[in-house]
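Worksheet: one structure, shown below.
Protein chains in written order, with the working numbering: chain X, 23 to 367; chain F, 672 to 1191.
Rendered as structure tokens:
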């Protein structure tokens, strides 16, 4: 009897993010304004589609990149600045030399990737710890972006807006399709390729990875480059969603949501554990909270605090889970039945 | 026949201190070399030279009849030398199959994805050849230490290693797992593999090896067929003098004052109704097979783990809210089983390790500022008392010490807080013979000065050599008590086994390493 309750608690904790997700989904639905037919607007398909779309551009795509980095026990604080810098370069070229959408996207990807390579160089070659490296490039990236734009807002040509409104097959918003492709590619890389499995190995024990003949420098460099690529991609897509207007605060604090999405999804900050599907769940959860708060007309200034609180809650559950798991893994020496029979006397 | 590996006058010094002095060795195909020596004798350095981890100052090596000078561990691996370290190098978050193929996966298709079918099949075959019946997809953190050891060997077989070096492979294995490992080693040998086996369990070395090499102070002091060695001779070669006794004589007798009293301590599924007294001046042994609940009980007494019911009294005073802090206040010291993870801050200097528990005593001034010079003086004094062999204790990190000296640091840390009760869990595990003797002498001195000492050990001989009384634990219960006059190896073991299925013990030489091996 005792044992079953234990397992139930563990089951709840094991899936705490999923349960949190369901509870928040239901609560926001019940408290949201209704349609004339009495259906909660929060649960409408349009709103759901909207939440997923925003999750993709705000936290999802960079969250996937962040997952690679966290798996090696690293961190990339520069993704928000990288999003800004990448899209600024692409936008300036679009305006000055009339670059089309696809080449502009490639420019944004290239800048993002190079920026990731800069992080990789500092971390792997100069041996500066990831936290300090990416904290520095966070400032450098934003600084370069404001310098290129003289701190002015960039207005993209109209085709950027049109690109953002593209519907694939007539019904699915473009950012969702991009997100799905990124997630599938990331899953494939992590679960099915040599590089992906080596990422997990490096995160588990980097010394052992070196002894096993894994090129750990290359593996570490690659995860920051991938994170940079994702930032370049996310920056461009996000700009298209904002109607092609990019101001100096574009992408700010995105790194927080990206890290939160990955950690909510079960990725460990200590490396070696996690996967991209968890990150998708985390990103959608974060966005759902944001949208739900707007639906319920929560004071604009309170919203970030409520969001931070819910993220805190999820991570708190995660640490409870770890503690409980440790307790469960305790070795039992004596059969518990014996004791129960004693207690029944 | 040319030997598989030849080491010729190999020397290596670290910062001017010779670790390996002009060592020459050779090993043939299908032979096992037992390598023994005290901690710090140079065994590890010699193996690291062969394994490409460090590079020799002078001397040459030949492997497979060709010059051999590895620059990195992967060079050694490619050449056909597998080095199975004491701390295993498996990735616990990956599957067995992934661990075996991690450096080079077979790949297929346009996307160069891992050929999972192929690695699964090959892994299944490799596991079968080391006698493991496990699913290749199972994650390594779900298999036992013994199984992990065999997975390491499977990995060496996959790399087609001609020489396999095993460094203390049995320390974390049960008797059954050890037996299986030895069987596999026998098969490898008949299959033409050369093995180098390093262990402190001299009986195993004697039993498994064709030749035995003894190192002392970096030099090779003997290299003969195993038949020319007795365990006694191995010990005297290692220490360089003959140890008549492995245990110092006890210089005191226990008093009748109760220092620690454990009453009816019970935790569901772990320990059941444990009651005993530890007296001042007494060395009390707690023997039990692995998994009998010894360590768990010790942790409960120290307050590191909770217990469901029962009382623990120190000098008649019950400990109300058990925690390590409460125990330290009650003057209990706990030398844990695991120096590396629980006993020491490995990267921190020795002095700070020694003063860790009694740090508040050195911080009596405003804002709790630590009086550095007072702290250092006390740590130095304690290091002197215990004859710690180290460099400057304010500079040298704990990890730079040998196992025996690390254990002395742990003991020094507790001594500084002047405890009256010592709980020592496996105080001499992985420590060489000479250092063991010193630890035993310290234990005797503690008892003579009036402390109560509780020693937990799976080496029955050690308990018989040192204790005034032995308690036997079995399946979480106390299952026997033996005063010194009634010490009898077989009877104690029978109690631990509950008189069931007592295995026939090999006849041991008087002063060999452990007697009763653990069994789950």
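Quick reminder that beta carbons are idealized off the backbone N, C-alpha and C, glycines included.
Partner residues on chain F for residue i, Cβ-Cβ distance less than 8 Å
i	result
residue 94 of chain X	Going along chain F, no residue has its Cβ under 8 Å from residue 94 of chain X, so there is no contact; the nearest lies around 12 Å.
residue 219 of chain X	765, 769, 773, 776, 785
residue 345 of chain X	Ordered by position in chain F, no residue passes the 8 Å Cβ test against residue 345 of chain X, which lies about 13 Å from the chain.
residue 230 of chain X	760, 761, 762
With 16 other Cβ atoms within 10 Å as the buried cut-off, status of residue i
i	result
residue 1191 of chain F	Residue placement at residue 1191 of chain F is flagged as unreliable, the pLDDT there being 38, under the threshold of 50; the coordinate-derived value follows with that caveat. It is exposed - the Cβ of residue 1191 of chain F has fewer than 16 other Cβ atoms within 10 Å.
residue 980 of chain F	exposed
residue 1090 of chain F	buried
residue 1133 of chain F	buried
residue 886 of chain F	buried
residue 772 of chain F	buried
residue 309 of chain X	buried
residue 819 of chain F	buried
residue 1159 of chain F	exposed
residue 813 of chain F	exposed
residue 809 of chain F	exposed
residue 1033 of chain F	buried
residue 1109 of chain F	buried
residue 33 of chain X	exposed
residue 857 of chain F	exposed
residue 708 of chain F	buried
residue 125 of chain X	exposed
Other residues of its chain near residue i: CB distance less than 8 Å, five sequence neighbours each side excluded
i	result
residue 320 of chain X	328
residue 742 of chain F	723, 726
residue 367 of chain X	Here residue 367 of chain X scores only 34 on pLDDT, less than 50, and its place in the model should not be relied on; the value that follows carries that caveat. No residues qualify anywhere along the chain.
residue 832 of chain F	748, 751, 752, 753, 864
residue 989 of chain F	982, 983
Chain F contact residues for residue i, given Cβ-Cβ distances below 7 Å
i	result
residue 243 of chain X	Ordered by position in chain F, no residue passes the 7 Å Cβ test against residue 243 of chain X, which lies about 18 Å from the chain.
residue 227 of chain X	762
residue 390 of chain X	Here chain X comprises residues numbered 23 to 367, so residue 390 of chain X is not present and cannot be evaluated.
residue 59 of chain X	Simply none; closest approach about 48 Å.
Same chain, Cβ closer than 7 Å to residue i, neighbours up to 5 away in sequence not counted
i	result
residue 38 of chain X	336, 339, 340, 343
residue 897 of chain F	705, 877, 880, 881, 882, 883
residue 301 of chain X	85, 86, 89, 283, 284, 287, 289
residue 684 of chain F	690, 728
residue 1086 of chain F	1053
Neighbouring residues, chain F, relative to residue i (Cβ below 9 Å)
i	result
residue 215 of chain X	776, 778, 782, 783, 784, 785
Under 8 Å from the C-beta of residue i: neighbouring residues of chain X
i	result
residue 644 of chain F	Missing from the structure shown is residue 644 of chain F; chain F here goes from 672 to 1191 and no further.
Partners in chain X for residue i, counting only beta-carbon separations shorter than 7 Å
i	result
residue 745 of chain F	235
Cβ neighbours of residue i in the same chain (closer than 6 Å, five flanking residues each side left out)
i	result
residue 702 of chain F	865, 881
residue 103 of chain X	160, 163, 164
residue 793 of chain F	none
residue 210 of chain X	none
Quiz prompt | Stretch-stretch touch, CB-based, cutoff 8 Å, three pairs: the segment 246-265 of chain X with the segment 65-83 of chain X | solution = Taking a cut-off of 8 Å for Cβ pairs, the segment 246-265 of chain X and the segment 65-83 of chain X touch, as three or more such pairs fall below it.
Quiz item: Would you call the segment 104-114 of chain X and the segment 261-271 of chain X touching, i.e. three or more CB-CB distances under 8 Å?
Solution: yes
Quiz item: Can we say the segment 59-66 of chain X touches the segment 213-227 of chain X, given the rule of at least three CB pairs closer than 8 Å?
Solution: no
Quiz item: For the segment 272-303 of chain X, which residues have a beta carbon sitting closer than 8 Å to at least one beta carbon of chain F?
Solution: 294, 295
Quiz prompt | Three-pair Cβ contact test at 8 Å for the segment 1075-1083 of chain F versus the segment 1009-1021 of chain F | solution = yes
Practice problem: Evaluate the contact criterion for the segment 915-929 of chain F versus the segment 951-958 of chain F: three or more CB pairs, one atom per stretch, below 8 Å. | Solution: yes
Quiz item: Do three or more CB pairs link the segment 196-206 of chain X to the segment 149-158 of chain X at distances below 8 Å?
Solution: no
Quiz item: Given 8 Å as the limit, is there contact between the segment 1063-1075 of chain F and the segment 1019-1035 of chain F, that is, 3 or more CB pairs closer than that?
Solution: A contact exists between the segment 1063-1075 of chain F and the segment 1019-1035 of chain F.
Quiz item: What residues in the segment 75-95 of chain X have a beta carbon less than 9 Å from any beta carbon of chain F?
Solution: Flagged: no residues at all.
Quiz item: Is it true that the segment 42-52 of chain X meets the segment 169-177 of chain X, where meeting means three or more beta-carbon pairs spaced less than 8 Å apart?
Solution: no
Self-check item: Any 3 or more C-beta pairs closer than 8 Å across the segment 842-858 of chain F and the segment 787-795 of chain F
Solution: no
Quiz item: Touching or not, the segment 760-774 of chain F and the segment 820-840 of chain F, by the rule of three or more beta carbon pairs under 8 Å?
Solution: yes
Practice problem: Specify whether the segment 1141-1158 of chain F and the segment 957-977 of chain F touch according to this definition: at least 3 beta carbon pairs, one from each stretch, less than 8 Å apart. | Solution: With a cut-off of 8 Å, the segment 957-977 of chain F and the segment 1141-1158 of chain F count as touching, because enough Cβ pairs lie within range.
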